[in-house]
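Asks: Below is the structure I would like to discuss, written out as structure tokens.
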Amino acid sequence: MILKTVTGGIVAGAAAGLFAGLLQLAFVQPVLLHAELYESGQLVHFGAETPAALATWPGIDPARDGLSLLFSMLVYTGYGLLLTAAIMLSRDEGSWISWREGLVWGVCGFIAAHLAPAYSLPPEVPGVAYVDVGPRQAWWAATIAATAAALWLLAFARRPWAPLLAVALLAAPHVIGAPQPDSFEGPVPPELAALFAARALGTGLAAWAALGVAVALLGRGQSTDNR
Amino acid sequence: MIVSRQTILAGGISSRSVAVFLCGVLGLGILTLAGNVQAASLHNAAHDVRHANGFACH
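From first to last, the protein sequence lines stand for chains A and B. Our numbering numbers the first residue of the first sequence as 128 and each following residue consecutively. Our numbering numbers the first residue of the second sequence as 271 and each following residue consecutively.
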């Protein structure tokens with residue numbers, strides 16, 4: 128049973144990661160590559176020439192894009208395993224969720240892992256101003272943990288104080304504030320940064336929805352043979 | 271939904287606890303490696319994915 132459960136999470140995560148990676152290649156990567164032209168100085172915002180806003184399709188870089196697909200599958204495998212663990216904790220032993228419930232789990236995972244940290248630390252296009260990576264990673268991890276705990280309280284806790292604690296946990300990371308740079312100095316046009324953040328979040332929502340459904344469908348096998 | 275007490279088998283720890291623990295440790299380990307470790311080779315390989323998934327990359 129253990130092996131089946133863990134395998135279900137891994138396979139669901141890898142499949143959702145492949146889906147996420149393909150979506151990113153189609154919709155996120157072109158924006159990232161366009162921004163890198165400004166980061167490297169090949170294009171200059173407010174320079175002598177005015178670069179065209181419309182980017183030409185950059186094509187496929189087999190090594191770089193292949194690695195991106197691989198790491199997308201890895202990242203979502205991690206998400207899939209954590210989602211599987213959370214679903215198991217929420218259920219009676221031997222029962223499992225429907226695919227519709229999986230969809231809700233997936234959207235909640237997106238809120239915790241992508242939307243909540245992005246509220247104060249939006250997905251960064253290459254070339255924007257930033258502070259040291261350490262404090263941002265710590266804030267990012269703490270925000271995901273606090274948001275996930277809050278969603279858990281809202282869904283499963285029956286104490287009268289649980290919703291209040293949940294709201295406090297949801298708000299705390301943003302009241303405290305994410306590490307921000309002292310000044311803005313990125314060479315990338317804000318239009319590209321905004322499009323990148325929006326595309327990254329939209330892709331995340333689609334991929335997490337798929338992940339929730341996949342975990343629900345693939346984890347079902349564990350429901351009968353757990354003695 | 272009600273959060274239930276898990277069944278504790280005669281041996282002590284339930285198989286579900288083991289599965290939850292395994293999934294949690296494996297999941298966090300994979301995410302740390304793929305998303306957060308700053309070693310140059312890992313960072314370069316995972317660069318685009320880290321940006322696209324909102325990880326702090328640089």
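We treat Cβ as the ideally placed atom computed from N, Cα and C, and that holds for glycine.
Where does the unbroken alpha helix (DSSP H) through Gly346(A) begin, and where does it stop?
Replies: Note, Gly346(A): premise wrong, no alpha helix (DSSP H); not H, not E.
Asks: From the DSSP output, in three-state form, read off Cys235(A) for me.
Replies: helix
Asks: Should Val171(A) go down as buried or exposed, given a rule of 16 or more other Cβ atoms within 10 Å for buried?
Replies: Looking at its Cβ environment, which holds fewer than 16 other Cβ atoms inside 10 Å, Val171(A) is exposed.
Asks: Using a Cβ cut-off of 8 angstroms (strictly closer), state whether Phe146(A) contacts chain B.
Replies: no
Asks: Does Glu251(A) pass the burial test, meaning 16 or more other C-beta atoms within 10 Å, or should it be called exposed?
Replies: Residue environment for Glu251(A): buried (at least 16 other C-beta atoms within 10 angstroms of its C-beta).
Asks: Alpha carbon to alpha carbon, how far is Tyr203(A) from Pro253(A)? Give it in angstroms, no decimals.
Replies: Each residue's CA atom was taken as its position, placing Pro253(A) and Tyr203(A) some 22 angstroms apart.
Asks: Quick check on the DSSP output: the alpha helix (DSSP H) that includes Pro287(A) runs from which residue to which?
Replies: Where Pro287(A) is concerned, there is no enclosing alpha helix (DSSP H), given that its DSSP letter is neither H nor E.
Asks: Report the rounded CA-to-CA distance for Val295(B) versus Thr183(A), giving the unit in angstroms.
Replies: 43 angstroms
Asks: So what does DSSP say about Pro317(A), is it helix, strand or coil?
Replies: helix
Asks: Which residue's Cα is closest to the Cα of Ala333(A): Phe283(A), Ala175(A) and Phe154(A)?
Replies: Phe154(A)
Asks: Contact check, His328(B) vs Val260(A) under 8 angstroms by CB: the rounded distance?
Replies: Separation of the CB atoms of His328(B) and Val260(A) is rounded to 6 angstroms, and the pair is thereby assigned contact status at 8 angstroms.
Asks: Say whether chain A places a C-beta atom closer than 8 angstroms to the C-beta of Val290(B).
Replies: yes
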